[in-house]
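Notes for the one structure printed next.
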Amino acid sequence: MSRVIGIWRPRSLHFEMALRQSLGSGSGLSSFLSKLSIAGMVIAVAFLLASLSVMNGFEREMRLRILNLVPHVTIRSYLPESAGKTLPIELGDLSNVQRSYRFSERNALFSAALDSRVGRLIYAGSDALEPLQQHLTPRLEKFAPGEIVLGKNFAEALGVEVGQPLIALISEGGSHRQFLPETVRLAAVLDSGTEIDSVFALTPMTPSAGGGINSESLWALTIADPLEAPVLVQTLRKRLGPQFWVTDWTQTLGNLYQAIQLSRQIVGLMLVALLVVAVFNIVTSLVLVMSDRRPSSAMLRAMGASPSDILTIFTVQGTIIGAGGAFLGAVLGGLLAFAIPGLVSLIETFSGQPLLDTSVYPLAYVPVDLRWSDFLSVSGAALLLSLFACALPAIGSARASISDSLREIR
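When we follow our numbering, the leftmost residue of the sequence shown carries the number 250, and every step to the right adds one.
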């Protein structure tokens with residue numbers, strides 16, 4: 250008994266007893282409930298981190314892949330061709346503009362071996378190919394008239410392969426619409442893994458592409474931060490005047506970006522609720538543990554332990570549960586996030602069907618983006634919530650009456 254009383258001063262005893270109650274090899278109620286609480290925390294943290302990594306991946310691919318394939322800002326001019334070829338301002342003077350090029354669009358009917366499809370044919374120079382080169386098969390060193398680049402899904406639907414010809418029935422515009430047939434050769438295929446692969450069609454700019462008194466001139470701008478596009482649009486509208494119509498990507502893809510953000514928030518909210526349930530599980534477990542250990546706590550108090558010693562033991566036990574659950578959950582969440590792309594590929598192999606269809610989803614694959622900030626914030630939140638969760642039960646156990654607790658010992 251003197252050994253027990255004398256050893257209360259070293260703080261290591263608090264940790265030793267809390268560790269024995271939490272992870273002891275015995276079959277006692279205290280050890281079982283503590284392990285159950287740790288398991289709940291591990292599952293909550295792991296699923297939260299894995300889900301956040303997937304949503305971060307969709308957001309990253311939206312920024313780096315999808316937005317890299319489309320103009321961030323588009324300027325349209327309906328002035329006559331002689332006046333609409335140039336802009337009244339120098340785009341190079343705008344500090345955040347990285348790339349700009351002139352292009353034109355036409356409605357077209359594409360026909361090949363398997364099918365015919367209607368789409369928008371883009372006429373542009375070689376500048377438009379620069380951000381696409383990493384997704385082109387094969388890479389194009391030069392883009393000659395009579396050649397065309399199609400999205401992978403678009404080309405597969407038409408049944409045309411690289412090097413083969415196809416017919417494009419192109420609208421010439423004007424008050425009396427005319428459709429002129431043109432035979433073009435498929436020079437390359439765009440395989441970006443996004444929904445753009447189903448609609449993309451690009452051919453070199455020709456004099457006829459921009460001709461006509463009623464034709465429109467268009468300029469595409471790429472900026473450093475796509476989220477700053479609406480601000481640049483307001484600036485350009487003031488400087489260009491009413492003869493030019495300026496739009497940005499948020500008017501065509503904005504709903505997609507907002508949907509990704511909303512999905513991320515909803516998934517995060519649901520999994521935070523799971524984390525809160527895990528914390529509540531810690532509260533209930535500690536209440537049951539303290540009820541089970543009340544006679545033992547009373548005996549320690551009778552041997553000389555102070556209320557602060559009892560409080561410290563149960564607080565350390567809650568900290569062990571929170572820290573262990575947060576750490577193991579972070580490790581499991583990271584491993585699960587790394588394994589998700591492989592699991593998706595395995596499911597697609599066995600099912601024979603793509604898990605994500607670009608007609609419904611913006612990407613044909615599941616992207617993953619692990620961020621240290623998420624791991625630190627989620628693990629830290631789990632640990633703090635565990636500390637708060639164990640505070641009230643620990644205080645109640647420390648204030649318990651010694652005499653009432655000793656009466657329970659038979």
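By construction, the Cβ of each residue, glycine as well, lies at the ideal position given by its N, Cα and C atoms.
Distance, residue j Cα to residue i Cα
i	j	result
residue 430	residue 373	19 Å
residue 246	residue 286	Residue 246 falls outside the range modelled here, since the chain spans only 250 to 659, and no answer is possible.
residue 478	residue 510	18 Å
residue 389	residue 590	30 Å
residue 366	residue 306	32 Å
residue 357	residue 375	21 Å
residue 626	residue 321	32 Å
residue 560	residue 303	41 Å
residue 593	residue 485	44 Å
residue 392	residue 624	46 Å
residue 471	residue 344	12 Å
residue 293	residue 557	31 Å
residue 536	residue 529	11 Å
residue 644	residue 564	9 Å
residue 579	residue 562	25 Å
residue 514	residue 288	25 Å
residue 404	residue 417	13 Å
residue 604	residue 443	13 Å
residue 377	residue 496	18 Å
residue 588	residue 295	13 Å
residue 291	residue 491	59 Å
residue 300	residue 520	8 Å
residue 504	residue 617	21 Å
residue 602	residue 612	15 Å
residue 349	residue 584	42 Å
residue 346	residue 527	48 Å
residue 518	residue 419	49 Å
residue 487	residue 371	27 Å
Residue burial classification, residue i (beta-carbon count within 10 angstroms, cutoff 16)
i	result
residue 629	exposed
residue 596	exposed
residue 283	buried
residue 449	buried
residue 599	exposed
residue 379	exposed
residue 327	exposed
residue 621	exposed
residue 394	exposed
residue 573	buried
residue 508	exposed
residue 582	buried
residue 473	exposed
residue 633	exposed
Sequence-distant residues of its chain with Cβ nearer than 6 Å to residue i (five each side left out)
i	result
residue 413	435
residue 532	638
residue 453	392, 394
residue 534	282, 286
residue 382	388
residue 308	509
residue 577	291
residue 396	434, 436
Anticipated Cβ contact below 8 Å, residue i with residue j, distance rounded
i	j	result
residue 351	residue 493	Not really, about 13 Å apart at Cβ, beyond 8 Å.
residue 313	residue 398	Not a contact, Cβ separation roughly 20 Å.
residue 311	residue 506	6 Å
residue 411	residue 433	Contact flag wrong, Cβ pair sits at about 12 Å.
residue 575	residue 631	4 Å
residue 586	residue 619	6 Å
residue 524	residue 297	6 Å
7 Å Cβ shell around residue i - same chain, five flanking residues per side excluded
i	result
residue 407	359, 361, 363, 364, 366, 415
residue 440	384, 386, 401, 446
residue 636	567, 568, 571
residue 409	361, 362, 415, 435
residue 516	300, 304
residue 512	304
Contacting residues, own chain, Cβ-Cβ under 8 Å from residue i (five flanking each side not counted)
i	result
residue 316	475, 498, 502
residue 467	323, 324, 325, 326, 351, 352, 353, 354
residue 482	322, 495, 496, 497
residue 480	none
residue 319	445, 498, 501, 502
residue 331	For residue 331, the predicted model reports a pLDDT of 48, less than 50, meaning its position is unreliable and no value from the coordinates is stated.
Item to complete: Would you mind listing the beta strand (DSSP E) stretches within the region 587-632 that are 3+ residues and don't spill past its ends, in chain order?
Response: none
Worksheet item: Can you give, in chain order, each stretch of the alpha helix (DSSP H) that sits fully within the region 277-316 and has at least 4 residues?
Response: The qualifying runs are 278-310.
Fill in: alpha helix (DSSP H) segments (min. 4 residues) lying fully within the region 477-516
478-489
Practice prompt. For the region 348-434, list the alpha helix (DSSP H) runs that are entirely contained and at least 4 residues long, ordered along the chain.
Written response: 401-407
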